[in-house]
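In the numbering used here, the protein residues as written are 298 to 536.
In structure tokens:
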């Protein structure tokens, strides 16, 4: 009850700060480069992987897809496998928007999809998706990936601790951080309830070299850690 009252009292100021941030924040482009490919330098098992999601998945904050999380992840995978990979991501999408984007995409040619790396949630915070709707959207996305695309393993990246985003002023930073924690808690429970899902904490230091120049997106250094964490999480899950 206290939080609801406090939020109502702060609402005008939060809305004002949100508009100011949108007006003042540098608009970075999505990373350039191919969004699908086949790496077959190795003679190992062939696997098919997807990276889906929002601007972070699309590589905003990195110059090229090779520097972004998709390219970094595939680079790790190709040491052990022949990899068909595909990136399906777009800036500003919520979880439901990502699902619609995936439905419209040409996926292939390989099924089942062995691994899917997902980045969603930040736009659900900024666009104020309710907790109940967030849970339903996670279920819908998981069901589509597992039932339609036959995904074997889905790695859900956690929401970042938005209370540390340098681009956000207080109290907006505090408020979105609180909302991100709520969605993160639900995401972790979702993954615990679905055996094909892995919850991936983003253990990335909030230091300048890990942030893009907009103070909002991960840099290529952060993408390197993110990809390594995803690679390790799948290996630990298999063990």
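Just so you know, even glycine gets a beta-carbon here, dropped at the ideal spot from N, CA and C. None of the values given here were measured: they were computed from a predicted structure.
query                                                                                                                                  : result
Three-state class that DSSP yields for residue 391 in the structure shown                                                              : coil
Beta strand (DSSP E) segments (min. 3 residues) lying fully within the stretch 422-509                                                 : 450-454 and 494-497
Neighbourhood of residue 463 by C-beta distance below 6 Å, restricted to the same chain and skipping five residues each side           : 512
Exposed unless 16 or more other CB atoms sit within 10 angstroms - verdict on residue 427                                              : exposed
Nearest-angstrom Cα separation, counted from residue 429 out to residue 414                                                            : 23 Å
Beta-bridge pairing of residue 333 - partner residues as DSSP gives them                                                               : 383
Any C-beta of chain B under 8 Å from that of residue 356                                                                               : Protein chains in the displayed structure number just one, and chain B is not present.
Burial state of residue 411, where buried means 16 or more other Cβ atoms lie within 10 Å                                              : buried
Pairwise C-alpha distance: residue 328 and residue 360                                                                                 : 5 Å
8 Å contact criterion, which residue 369 and residue 509 should meet: CB distance rounded                                              : About 15 Å separates the two Cβ atoms, so there is no contact after all.
Option in 533, 534 and 528 with minimal Cα separation from residue 378                                                                 : 528
Straight-line Cα distance separating residue 400 from residue 535                                                                      : 28 Å
DSSP state of residue 417 mapped onto helix, strand, coil                                                                              : coil
Sub-8 Å separation of residue 497 and residue 480 beta-carbons                                                                         : no
Buried versus exposed call for residue 445 [16 or more other C-beta atoms within 10 Å across all chains shown]                         : exposed
Start and end residues, beta strand (DSSP E) containing residue 352                                                                    : Unbroken run through residue 352 is the alpha helix (DSSP H), 352-355; no beta strand (DSSP E).
Contacts around residue 333, its chain only, beta-carbon distance under 6 Å, and the 5 residues preceding and following it disregarded : 383
Bridge-paired residues (DSSP) for residue 344                                                                                          : 380
Cutoff 8 Å; reference residue 473; Cβ partners in own chain excluding five residues on either side                                     : 422, 423, 459, 460, 462 and 465
Spatial neighbours of residue 343 in its chain, beta-carbon cut-off 6 Å, leaving aside the 5 residues before and after                 : 379
8 Å Cβ cutoff met for residue 350 and residue 416                                                                                      : yes
Straight-line Cα distance separating residue 371 from residue 451                                                                      : 15 Å
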